[in-house]
Amino acid sequence: MNWNERVAELREQVRQQRPLLHHITNFVVMNDTANVTLHIGGLPVMAHAREEVAEMVAAAGALVLNPGTLTPEWVESTLVAGKRANELGIPIVLDPVGAGATTLRTESNRRLLEELQIAVVRGNSGEIGALTGMGGVVKGVETVVEVDDPVEVAQALARQYGVTVAITGPRDTVTGGTRVFGVDNGHPMLKTITGTGCAATTMIAAFVAVERDYALATAAALACFGLAAEIAAQEARGPASFKIALFDAIYNLSRDQILAGAKVVEL
Amino acid sequence: MNWNERVAELREQVRQQRPLLHHITNFVVMNDTANVTLHIGGLPVMAHAREEVAEMVAAAGALVLNPGTLTPEWVESTLVAGKRANELGIPIVLDPVGAGATTLRTESNRRLLEELQIAVVRGNSGEIGALTGMGGVVKGVETVVEVDDPVEVAQALARQYGVTVAITGPRDTVTGGTRVFGVDNGHPMLKTITGTGCAATTMIAAFVAVERDYALATAAALACFGLAAEIAAQEARGPASFKIALFDAIYNLSRDQILAGAKVVEL
Amino acid sequence: MNWNERVAELREQVRQQRPLLHHITNFVVMNDTANVTLHIGGLPVMAHAREEVAEMVAAAGALVLNPGTLTPEWVESTLVAGKRANELGIPIVLDPVGAGATTLRTESNRRLLEELQIAVVRGNSGEIGALTGMGGVVKGVETVVEVDDPVEVAQALARQYGVTVAITGPRDTVTGGTRVFGVDNGHPMLKTITGTGCAATTMIAAFVAVERDYALATAAALACFGLAAEIAAQEARGPASFKIALFDAIYNLSRDQILAGAKVVEL
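Going line by line, the protein sequences match chains C, Z and B. The first sequence begins at 0 in numbering that gives the first Met the number 0 and counts up one residue at a time. The second sequence begins at 0 in numbering that gives the first Met the number 0 and counts up one residue at a time. The third sequence begins at 0 in numbering that gives the first Met the number 0 and counts up one residue at a time.
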């Protein structure tokens, strides 16, 4: 089956519906992910005070939890917001930044998976490996040793917590436990700038806000993100000009570009 | 009257005087507003620790309060800094980010207006509407329903607190309560990137640091900011390249460009 | 002696070894310094929670402490991380942002110098002057009055704490107390954007992670950074396009460019 027509439709639905994406996220990428939210067609808000997150999330189309610069107080706020999101049926997307690098990161991400009903978890190979205990090594926030079999690892986490899991890399793997999508869009320049994983997570949140088949929405978002990277790399002179071109390409991404270039396969 | 000569003079005075702009601001735009401060000709400092804000603000030409990612502790620091600024006669510019979106945001901004003597408040239509109770709807940090009459709403807030108010939009409205300026510079691309309102607020702070006619200074700053956006849009290929061009244009903005392009009217 | 061969070798060693640079840094430049870390060839991680910094730093090639938006809790975390780094022999690079501007900043930086064994301190003239009590004036985070003799001031701080000191400016001065390097690379456009000092500090951390002659490593890093700025200025249309070109140039900086353009002298 050719999924590109569905990918293009979902990208257009984001533009039409303008979902509010409530981020409780890290300080490194706040500006970038707010911009990506606008470029793909949503409305961003970054709000982490325990006193307001339950009220803020009630207006959101999706909640993004990204513990890249976490503290214990930050984790408490995510639990408050996440429980309210669960009550209201608002999907939560978790980016377990640095899981495996420290005990605080590994355990905080597991706690979020246990205490909240998460819709989608997107991480790199080592991060998802650390959450499952199935291998991979994380140094700081990057995978330095990959897991052996990303499909198996993603399925294990998906089944354990009833979530959709995306492991991003040269081939992105997406699964809700049984059906598996592969996404072959992307470009090596994505590794030369910070926050591209976080930006991909924000794209996923925009798509799950408009489509409740989370595995499809996630694969579609990753195809759009990777395709924008391919387009950007054609004119980049280095990582900073690549980032500018990437963000421009996300904004400009057209139906024709998606139909011609998205690479989503069902495995 | 043609105000452009005065706008050009004020822009040059910022370059000559290099005012320090002390920001107690949100984590999303810190980098951007520090850069805008430098580009327009000032010196930026971002400092929010309760232990140092009173000492820091004493060296400033203006204090910027921007509660975009507020917490109760953050509000306490702004009150400490603001009270010291009031003692010293240093103007305070408030950007009530997300007022109307949550109770914490609406009430914290009202508290700042009540406990401090603010010089200028700049917000979008919904934020200023929320502070006056005169309509408008805010979702996250964006207006999704405009107020009916921005002049009336701005004047109401101006009179209630004795402040200069700017409501930014396709036409910017600026008033200290009686006299009203309209500014017709700007470009729709400003809506495609995050933090442009915050950047406009920083521009206002630079101008009120050198000119005590706050309504004129505010209108001049908004004309320069909007004109830079018009110049930038001519070469932008998308929102990220627009942002680069916007920041370059703020830095390069010349007397001749202002005389030819600023659009300030007294209503 | 011509040092350029050594500078080029060290830049290549960073690319080969990919050191993890653990930053406990300010909110203004987190994104920029994470990117600079990747562009020069390292792996960045930003982590400041007291609960994880000791574990995180154990995997690092260097620890960057940058108190640009410090709070007392932040200082506590840096001490925890710094003590663990000292136990493990991991070099610490300190950027005393705004020392001299407030008592909190001056005293917190002195405390770090007293309680930790710092490898390298990099600051502007006024910041290093404030730490030594030998003159210079800081407004916000910028020097507005230079110290009289940077070599003398740098040597004084170096001897007092047994550290390598870099005072950056039109000529960078680097000394471990006796031997003194001057670096004449750089460009005035560096003053038009925020965080260039912080980015230079991150470059230093990448080089000290691979070379234990800290004065040489520091001079080499500053030569590479300044040379990238010279290359970038050739195509910049303003400060924002300069920043993009600077980051691209750091990533692309080649052996041939370094051999032809680095300007390191031993005084």
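Glycine is no exception: its CB is placed at the ideal position from the N, C-alpha and C atoms.
Measure the alpha-carbon distance for L42/B versus A118/Z and round it to whole angstroms.
Working through the third sequence from its first residue, we reach residue 42/B at position 43. Working through the second sequence from its first residue, we reach residue 118/Z at position 119. L42/B and A118/Z: Cα-Cα distance of roughly 45 angstroms.
If you check the beta carbons only, do A157/B and L130/B fall under 8 angstroms apart?
Locating residue 157/B in the third sequence gives position 158, where the first residue counts as 1. Locating residue 130/B in the third sequence gives position 131, where the first residue counts as 1. Against a cut-off of 8 angstroms, the Cβ pair of L130/B and A157/B comes out as no contact.
What does N108/C reach in chain Z if we use C-beta pairs closer than 9 angstroms?
Here residue 108/C refers to the residue found at position 109 when the first sequence is read from its first residue. What N108/C touches in chain Z: nothing, since even the nearest Cβ is about 21 angstroms away.
Determine the DSSP secondary structure at A61/C, reduced to helix, strand or coil.
As a position in the first sequence, residue 61/C is number 62, starting the count at 1. If DSSP states are grouped into helix, strand and coil, A61/C belongs with the strands.
State yes or no: is the C-beta of S253/Z nearer than 7 angstroms to some heavy atom of the ligand HEM?
With respect to the ligand HEM, the structure offers nothing, as it holds no ligand at all.
Of the residues that make up the region 172-186 of chain Z, which ones have a beta carbon closer than 7 angstroms to any beta carbon in chain B?
Those residues of the region 172-186 of chain Z that come within reach of chain B (Cβ to Cβ, closer than 7 angstroms) do not exist; the list is empty.
Can you check whether the C-beta of G194/C is within less than 8 angstroms of a C-beta belonging to chain B?
Working through the first sequence from its first residue, we reach residue 194/C at position 195. Yes, contact with chain B.
Where does Q15/C land, buried or exposed, given buried means 16+ other C-beta within 10 angstroms?
Along the first sequence, read from residue 1 onward, the residue named residue 15/C stands at position 16. By the neighbour-count rule (16 or more Cβ atoms within 10 Å), Q15/C is not buried but exposed.
Pairs of beta-carbons, one from the region 34-52 of chain B and one from the region 99-109 of chain C, closer than 8 angstroms: are there three or more?
Yes: the two stretches touch, three or more of their Cβ pairs being nearer than 8 angstroms.
For N1/B, name the three-state secondary structure that DSSP assigns.
As a first step, residue 1/B is located in the third sequence; it is residue number 2 there, counting from the start. Three-state result, N1/B: coil.
Given a cut-off of 8 angstroms on the beta-carbon distance, is the pair N30/Z and C197/Z in contact?
As a working note, residue 30/Z is residue 31 in the second sequence. As a working note, residue 197/Z is residue 198 in the second sequence. Result no, Cβ atoms of N30/Z and C197/Z do not sit closer than 8 angstroms.
Any idea what DSSP makes of E141/C, helix, strand or coil?
As a first step, residue 141/C is located in the first sequence; it is residue number 142 there, counting from the start. Three-state result, E141/C: strand.
Give the DSSP bridge partners of R17/Z, in chain order.
Translated into positions along the second sequence, residue 17/Z becomes position 18. BP columns for R17/Z are empty, so no partner.
Should M202/B be labelled buried (16 or more other beta-carbon atoms within 10 Å of its own) or exposed?
The residue you call residue 202/B lines up with position 203 of the third sequence. Buried, because 16 or more other Cβ atoms sit within 10 Å of the Cβ of M202/B.
Against chain Z, with Cβ distances strictly below 8 angstroms, would A48/C count as a contact?
One-based indexing of the first sequence puts residue 48/C at position 49. Yes, A48/C counts as interfacial toward chain Z.
Could you list which residues in chain C have their beta carbon closer than 8 angstroms to that of P285/Z, in chain order?
This structure does not reach residue 285/Z, given that chain Z is present from 0 up to 266, and the question cannot be answered.
Consult DSSP for M202/B and reduce its assignment to one of helix, strand or coil.
Taking the third sequence and counting its residues from 1, the one referred to as residue 202/B is at position 203. Looking at M202/B - three-state DSSP - the assignment turns out to be helix.
Taking the runs of the beta strand (DSSP E) that are 3 residues or longer, which of them lie wholly in the region 76-109 of chain Z?
Counting whole runs of 3 or more residues, the region 76-109 of chain Z contains the beta strand (DSSP E) stretches 91-93.
If we cut at 8 angstroms on Cβ distances, does Y250/C have a partner in chain Z?
By one-based count along the first sequence, residue 250/C stands at place 251. With 8 angstroms as the cut-off, Y250/C counts as an interface residue toward chain Z.
Closest Cβ-Cβ distance between G237/B and chain Z: below 8 angstroms?
For the purposes of this step, residue 237/B is taken as residue 238 along the third sequence, with counting starting at 1. So yes, G237/B belongs to the interface.
Residues of chain C with CB under 8 angstroms from R104/Z, in chain order?
The sequence position of residue 104/Z within the second sequence is 105, counting from 1. Neighbours of R104/Z on chain C, chain order: E51.
Just by C-beta distance, which residues in the region 24-37 of chain B are closer than 8 angstroms to chain Z?
Residues N25, F26, V27, V28, N30 and D31.
Can you tell me which of the three DSSP states N123/C falls into?
Walking along the first sequence from the start, residue 123/C turns up at place 124. In the structure shown, N123/C sits in a strand (DSSP, three-state: E or B).
Could you give the C-beta distance for Y250/Z and H38/Z, rounded to a whole number, given that I count them as a contact under 8 angstroms?
Here the question's residue 250/Z lines up with position 251 in the second sequence. Here the question's residue 38/Z lines up with position 39 in the second sequence. Sure, about 4 angstroms apart at Cβ, within 8 angstroms.
Give me the DSSP bridge partner(s) of H186/Z.
Looking up residue 186/Z in the second sequence gives position 187. Its beta-bridge partners do not exist; DSSP assigns none.
Can you list, in chain order, the residues of its chain with a C-beta nearer than 7 angstroms to that of D147/B? Leave out the 5 residues immediately preceding and following it.
Taking the third sequence and counting its residues from 1, the one referred to as residue 147/B is at position 148. Here the set comprises G134.
Which two residues bound the contiguous beta strand (DSSP E) that contains L69/Z?
What you label residue 69/Z is simply residue 70 of the second sequence in a count that begins at 1. Note, L69/Z: premise wrong, no beta strand (DSSP E); not H, not E.
Using a beta-carbon distance below 8 angstroms, is D247/Z in contact with chain B?
Reading the second sequence from its first residue, position 248 is the one you call residue 247/Z. Yes, D247/Z counts as interfacial toward chain B.
Tell me whether A165/Z sits in a helix, a strand or coil according to DSSP, three-state version.
Start at 1 with the first residue of the second sequence, and residue 165/Z comes out as number 166. The answer is strand: DSSP assigns A165/Z an E or B state.
Tell me whether I249/B sits in a helix, a strand or coil according to DSSP, three-state version.
Here residue 249/B refers to the residue found at position 250 of the third sequence. I249/B: helix per DSSP, three-state reduction.
Which residues in the same chain as V79/C place their Cβ atom closer than 7 angstroms to its Cβ, once the five residues preceding and following it in sequence are excluded?
Position 80 of the first sequence, counting from 1, holds the residue named residue 79/C. Correct list, in chain order: R49, V52 and A53.
Is it buried or exposed for Q154/B, if we count other Cβ within 10 angstroms and need 16 for buried?
By one-based count along the third sequence, residue 154/B stands at place 155. Buried.
If you run the structure through DSSP and keep just helix, strand and coil, what is L115/C?
Numbered from its first residue, the first sequence carries residue 115/C at position 116. Coil, per DSSP.
Any contact of the region 206-225 of chain C with the region 219-236 of chain B, i.e. 3+ C-beta pairs under 8 angstroms?
Contact fails: fewer than three Cβ-Cβ distances are below 8 angstroms.
What do you get for E151/B, buried or exposed, if any count of 16 or more other CB atoms within 10 angstroms of its CB means buried?
Against the third sequence, residue 151/B aligns to sequence position 152. Flag for E151/B reads exposed.
Under 8 angstroms between C-beta atoms, does G125/C make it to chain B?
For the purposes of this step, residue 125/C is identified with residue 126 of the first sequence, where counting begins at 1. Output row for G125/C: interface = no.
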